[in-house]
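Residue numbers (the working numbering), protein chains in the order written: chain E, 1 to 291; chain H, 1001 to 1285; chain X, 2001 to 2291.
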Amino acid sequence: MTSLRISSLFPRTPDGYIAFGLGAAACLASGILLLILIFVFGEAWPALRTIGVVRFLSDGAWYPTDGAFGLVPMLAASFALAAGALTIAAPVGVAVAIFRLHYAPGWMKAPYRGLVLLLAGTPSVVLGLWGLMVLVPLIARIEPPGASLIAGILVLALMIVPTVAIASEAALESVPRSCWSAANALGLGREAALLNVVLPAAREGIAGGILLAGARALGETMVVLMITGNIVQMPDGLFTPVRALTSNIALEMAYATGDHRASLFVSGLALTLLVFLLSFAAGTGRRRRHA
Amino acid sequence: MTLGPKDEAAGEGAAGYTVGPMLAGPECCTPEPVIGVRGLAVSYAGVPALKHVDLDIYKGCVTALIGPSGCGKSTFLSSLNRLTDLVAGCRVAGRIEVDGVDIHGPDVDVQALRRKVGMIFQKPNPFPLSIHRNLDMPLREHGVRSRDERESRIRAALSDVGLWEEVADRLDEPALSLSGGQQQRLCIARALVLQPSILLMDEPCSALDPLSAETVEKMIVGLRGRYTVVVVTHNLAQARRIANFAAFFWVRDRAGALIEFDTCQRLFEAPAHDLTAAYVTGRSG
Amino acid sequence: MPDFSSVRRRIFAPQARDGALRMAIWAAAGILFACAAWLMLDVAVRGAAGLDWRFLVDEPARAGRAGGIGPILVSTGLILAVAIAVAAPLGLAAAIFLAEFLPSGSRFAAWTSISLDVLAGIPSIVFGLFGNAFFSVWLGMGFSILSGGLTLACMILPLLIRTAEHGLRMVPDEWRHGAAALGMSRFSSVWRIVLPAAGPAVTAGLLLGLGRATAETAALVFTSGYVDRMPSSLLDSGRALSLHIYDLAMNVAGGDRNAYASALVLLLFLIVVNGLAMSFSDYLLRKRIAA
């Protein structure tokens, strides 16, 4: 009979050591965020100290080699791109989710889901290629040069529709069936039930998805780099070529040195902060819903 | 009041009284306690689930734990092999001795304890492996290196639960393809293969259809004498059929408490406590 | 006196609204379908024109206008191999720790969860900045496959941890209790029972991570670099396929044909990877419903 006391007869797996090793991995994984913040901030610090936050916002132009560090036109372009893309993608994405759950005929549901997932998995550089080769020439026919704010908005919208759709679908599916039955019992039709009962019930999940999609649009590099023209100027019309913060980093990192390089890290830091705020807002909505 | 049957059992056991009222099992009941529980109290996240339990489990006997739902029977059972350790926020106070060793002692190897005190759950839980792997894997984990010994133990355990004839030719099929009753018997075999001396069973028949339940029940009777069995059951008739001793739990002051412990026969036919009498005659619970 | 006209109006107005809503939903779904189909067909048709066996194995010539993508496929494969080789064990270990060893609701679990969410939201260009500052400059790896692969590993880590953790948590507790009751150590119960049961979910997560890494461009521009020669070691610079597409489309006049062919290769690979991931998670879902 086995003794209850710890014996060396049977080699036991040392749970303690393994837990320690696994815990170290978890620490490392969650420490990467800190590492990123430290390094991006560390590289940005010289610019923040010598140039100062104010000048990034008050300088009229972006000539970093001549000491002009105005980020405002690019900030504005980034916002305009993300906001424009969301304006299109939010309603379309929600509609697509509703379509797939409640309107599509049975045979269409699975292929349509495949299509949305395919689009979600399409690399942004392929979307950019398509925008550059197909969409930009079309827009150029309406108003040259074609590579412009509107081109970026349209392709970004196509890119983030799946994000909105997938999140909305999850939110709509989590609405209890009883909500539908109750609405039907009140004599509400499908559309009335959707508008009055189901969509409000799924509101927060959908909002979270939209914020997340906004964050993606704001942080996207390849699409905007390839099709918005990359000219630093305030976006004063849909057909204006603009340069976003992300594409600015991609364009200038290759040769930037000194304060110039540091100020690119500043714009990276600013971008990160903006995306933090958006995903934090999205997360708060989600957490509230689960609470 | 908790009635300690120790004195009587010791006295009468020596006189060789037969317990197990309906079925004449093998000569089993040595009046020698193998598990001793003193002042056991269990709480979950600060909410008491079980208070002040003093109880002895006798070697080679089947002890049935009866009582209404939520009276702490299952909690009591899983504190005996320290499975309560797995529940976050669960605190166990008091002393539990298995073979004279305090199982909460600092030098106790929990894995060895659980090897010695096997457990069967209410819902059959075979691992998503083949039938053979289900039995082989625990043996390997416990360092049984000889292949021949593992095979012979597997065969013996499967025969003990009456499963050998049914599955001998399909040992490599997934265990989850077995029927519910077969799965439960496989789980019992999985516990037996480690050669425990004590088996804890948490309502082993309640998730099974009547026919499978009967098979499993007969098998438990067959284990009497060779193993010490502690079984939680809601089925009073079953308790009478299989058990030598019975312990009646009830909810008192919002926590489970042991009301009465006695030989099965006496607990059912001449209970000392009004609550017990009401419960076993079906007037409450 | 009852006013029937108002009753009629009330009935009529929702009908108009419902009809409009229905039309809008079908229209949105149709537009998304049309755009996605346009994009896919464009890439498929124009890509197929330049795609043959030689294209896959040949060296690029004349800055990529002619020749193939042989070395680029090798570089891409190496970058992905580095990323997966680092991220998979680390992510799995962290996930096991979070799901199996850490009491839920602990402070460390909360902090890890937040940090992974934030990490998942960081724009890929910022990963590129970080990878450049940390791996390429600070650790002295220069522009190399190693640096790019490690950057991608950081990027896909949250996805791997999340999916693996989710898969582990879906494994029913009965098996854990059964294993514990047999006196198995926590680690062997995870290793022998829980992890194999969560296998399909973990694999699906791994494939999704692989897809994400393959699709990434911006994080690689300043980490693994542009060199399109055959790499001779992990410390060589190597051009990833996505970056090749970008370069051909933007910087090489007359590179369209090969850009499209490369895009088709990338897209086909991603369809296979994401399709596999989907079939793994569908398998899991079916099994759960059947059980």
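Backbone N, C-alpha and C fix where the C-beta goes; we use that ideal spot for every residue, glycine too.
In this structure, DSSP gives S2124/X a helical state, which the three-state scheme calls helix.
Distance from the CA of H1142/H to the CA of A2259/X, rounded to the nearest whole angstrom, comes to 59 Å. Remark: C-beta atoms of R1241/H and E1260/H do not approach each other more closely than 8 Å.
Per DSSP, the continuous beta strand (DSSP E) segment holding L1258/H begins and ends at 1255-1263. Counted as a single uninterrupted DSSP element, the alpha helix (DSSP H) harbouring R1153/H occupies residues 1147-1160. Distance from the Cα of P2231/X is smallest, within the candidate group P2071/X, I2031/X, A2044/X, M2040/X, for P2071/X. Residue-level contact by beta carbon holds for W2026/X and chain E, with a gap shorter than 8 Å. Taking a C-beta cut-off of 7 Å against chain E, the contacting residues of the segment 2109-2125 of chain X are W2111, T2112, S2115, L2116, D2117, V2118, L2119, G2121, I2122, P2123, S2124, I2125, listed in chain order. Using a CB distance below 8 Å, the part of the segment 2179-2194 of chain X facing chain H consists of A2179, A2180, A2181, L2182, G2183, M2184, S2185, S2188, R2192, I2193, ordered along the chain.
In the structure shown, T1063/H falls within a strand segment according to DSSP collapsed to helix, strand and coil. For Y2226/X, no alpha helix (DSSP H) encloses it, and the DSSP letter there is neither H nor E.
Per DSSP, the beta bridge partners of W62/E are F69/E.
The C-alpha of D2228/X is placed about 23 Å away from the C-alpha of R2046/X. As DSSP reads the structure, A2219/X sits in no beta bridge. Using a CB distance below 7 Å, the part of the segment 1123-1142 of chain H facing chain X consists of K1123, N1125, F1127, P1128, M1137, P1138, E1141, H1142, ordered along the chain. For P123/E, at least one C-beta of chain X is nearer than 8 Å to its own C-beta. Listed in chain order, the positions of the segment 2089-2103 of chain X with a beta carbon within less than 9 Å of a beta carbon of chain H are P2103.
Using a CB distance cut-off of 8 Å, L156/E does not count as an interface residue toward chain X.
The shortest C-alpha to C-alpha distance from E1173/H to any of S1130/H, S1078/H, V1229/H, T1063/H is the one to S1130/H. For the segment 2158-2226 of chain X, the full-length alpha helix (DSSP H) segments reaching 4 residues or more read 2173-2181, 2186-2189, 2199-2215 along the chain. With contact defined as three or more Cβ pairs closer than 8 Å, the segment 2232-2245 of chain X and the segment 2139-2152 of chain X are in contact.
Going by DSSP, V161/E is part of no beta strand (DSSP E) but of the alpha helix (DSSP H) stretching over 149-173. Within its own chain, the residues whose Cβ lies closer than 6 Å to the Cβ of L2234/X, once the five positions on either side in sequence are excluded, are I2145, L2146, listed in chain order. F280/E and L273/E have their alpha carbons spaced roughly 10 Å apart. Interface with chain X (8 Å Cβ-Cβ cutoff): V134/E is included. With a cutoff of 8 Å on beta-carbon distance, R1038/H and A2180/X are scored as not near each other. A distance below 8 Å separates the beta carbons of G2050/X and A2261/X. One Cα belongs to R100/E, the other to R190/E, and the distance between them is close to 14 Å. Sequence-distant Cβ neighbours of K1059/H in its own chain, meaning closer than 6 Å and more than five residues away, are T1030, E1032, V1034, T1228. When the five nearest sequence neighbours on each side are left out, the beta carbons in the same chain lying within less than 8 Å of the beta carbon of A2215/X are those of S2242, L2266, L2270, in order along the chain. Assigned with DSSP and collapsed to three states, Y255/E falls in coil, not helix or strand. The C-beta distance from G2131/X to T2112/X rounds to 22 Å, too long to fall under 8 Å, and the pair is not in contact.
The C-beta separation of T246/E from G229/E comes to about 14 Å, leaving the pair out of contact by the 8 Å criterion.
Beta-bridge partners assigned by DSSP to D1109/H: none are found.
For the pair I2069/X and V2057/X, the Cα-to-Cα distance works out to about 6 Å. A straight-line Cα-Cα distance of about 57 Å links L1200/H and T2076/X.
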